[in-house]
Amino acid sequence: MAEWYCGKAKQGRPASLAGVADGIWPRQHVWSYLLPAVQANLSHTRVQSLAGHAPIEVFIALPESPALDTIVEPVSAGRNERVVDLACFDDMIDQLRSTLHDLHREVADAKERQRIKYMAAHNGTPSNFDVGDYVLWSSIGQRLPNRKLLGHWVGPFKVIATLPHSFEIEHLVTGRKYEVHASRLKFYADSDLNTTTELLELVFSQGMRLGVDKFADYRFNQDFDRWELLVSWQGLQSIEDSWELLTYLLQDIPKKLRDYINSIYDEDLRRQYE
């Protein structure tokens, strides 16, 4: 309620409520009585976003009632009372559940139709990438061999396939394939690009995104008093395997590291891992 009493509540109000807000703004002491009435009115009002149903009908299966019913009681010949047989309570609950299920399905279908209509009206800008083109990739949050984060344009990569909402690209050196959204790619050159040795060296020097293929060995480095694992990298030869710190691997690939430690049964390494 405090949020409604501050001046910020006046910001961003809909134009249709501007007149009402200006009328009640000087009399903030009546808000605590007025707001529940406004909320009840909204809950009992049919809206298009809920397939023509009122929120109170969709959420708790109660029929909406006119706002005047809270002020003027309808005149009837007798009291409208209903006797509920508790023996039929389970059947009534099942009927209520079925009614809500049908109602929610109707609302979900209406929302899906609205979503498809919106997508058809906002197709976006098509990407001008063809299979065989070369692109640059902006990959945020990926780790390089020097343990720095990759946050700049790297490449080029070769586009090898087009997907509904992304592209499959291939690293020129390792041949590793990645699926990347079009918003992360930038055109570099068409398929006529000559991939010279100098270009491949440039790609290699940028820092390849390396994935761990497997762990070949492990050791305790006496000189530095730390555990290290011999890592075989995806797309590289075994001669390029490197010793990596256990602490870094634990941060980057905890599941693969745990599976390897559980497979070797070394108590010293297990204690260090835990």
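In terms of UniProt numbering, the sequence shown opens at residue 1 and continues consecutively. The beta carbon of each residue, even a glycine, is placed where N, CA and C say it ideally should be. Since this is a predicted model, take the numbers as computed values, not measurements.
Problem - Start-end ranges of the beta strand (DSSP E) lying completely within the UniProt domain "Chromo" (210–260), minimum 3 residues - result: 212–221, 226–233 and 242–245
Handout entry: Inter-stretch contact (C-beta, 8 angstroms, three-pair minimum) for the segment 27–44 and the segment 88–100
Key = no
Practice task
Please name the residue, chosen from 224, 161, 238 and 218, that lies closest to residue 134 on a Cα-to-Cα basis.
Solution key: Position 134 of the sequence shown holds residue 134. It is 161.
Problem - Beta-carbon proximity of residue 103 to residue 159, cut-off 8 angstroms - result: Counted from its first residue, the sequence shown places residue 103 at position 103. Counted from its first residue, the sequence shown places residue 159 at position 159. Against a cut-off of 8 angstroms, the Cβ pair of residue 159 and residue 103 comes out as no contact.
Practice task
Determine the direct distance from the alpha carbon of residue 167 to that of residue 181, and round the result to whole angstroms.
Solution key: Counting from 1 along the sequence shown, the entry for residue 181 is found at position 181. Counting from 1 along the sequence shown, the entry for residue 167 is found at position 167. Near 6 angstroms, if we compare the C-alpha coordinates of residue 167 and residue 181.
Problem - Cβ-based neighbour list, residue 43, same chain, cut-off 6 angstroms, excluding 5 preceding and 5 following - result: The residue you call residue 43 lines up with position 43 of the sequence shown. Here the set comprises 55 and 56.
Handout entry: DSSP-derived helix/strand/coil call for residue 182
Key = Working through the sequence shown from its first residue, we reach residue 182 at position 182. Looking at residue 182 - three-state DSSP - the assignment turns out to be helix.
Practice task
Within 10 angstroms of the Cβ of residue 66, are there 16 or more other Cβ atoms? Answer buried if so, exposed if not.
Solution key: Within the sequence shown, residue 66 is the residue found at index 66, counting from 1. Exposed, because fewer than 16 other Cβ atoms sit within 10 Å of the Cβ of residue 66.
Handout entry: Through-space distance from residue 95 to residue 46, alpha-carbon basis
Key = Indexing the sequence shown from 1 puts residue 46 at position 46. Indexing the sequence shown from 1 puts residue 95 at position 95. The alpha-carbon atoms of residue 46 and residue 95 are separated by roughly 23 angstroms.
Practice task
Measure the C-alpha to C-alpha separation of residue 154 and residue 227 and round it to an integer number of angstroms.
Solution key: Walking along the sequence shown from the start, residue 154 turns up at place 154. Walking along the sequence shown from the start, residue 227 turns up at place 227. Roughly 32 angstroms separates the two Cα atoms.
Handout entry: Of the residues 252, 64, 272 and 189, the one placed nearest residue 131, counting alpha carbons only
Key = Taking the sequence shown and counting its residues from 1, the one referred to as residue 131 is at position 131. Per the Cα distances, 189.
Problem - Residue interval of the alpha helix (DSSP H) (run including residue 170) - result: Taking the first residue of the sequence shown as position 1, residue 170 is located at position 170. Looking at the DSSP string, residue 170 is not in any alpha helix (DSSP H); the run it does join, the beta strand (DSSP E), is 166–171.
Exercise for the section: Below 8 angstroms CB to CB, which residues in the same chain sit around residue 129 once its five sequence neighbours on both sides are set aside? Expected result: The sequence position of residue 129 within the sequence shown is 129, counting from 1. Around residue 129: 135, 159, 162, 167, 182, 185 and 187.
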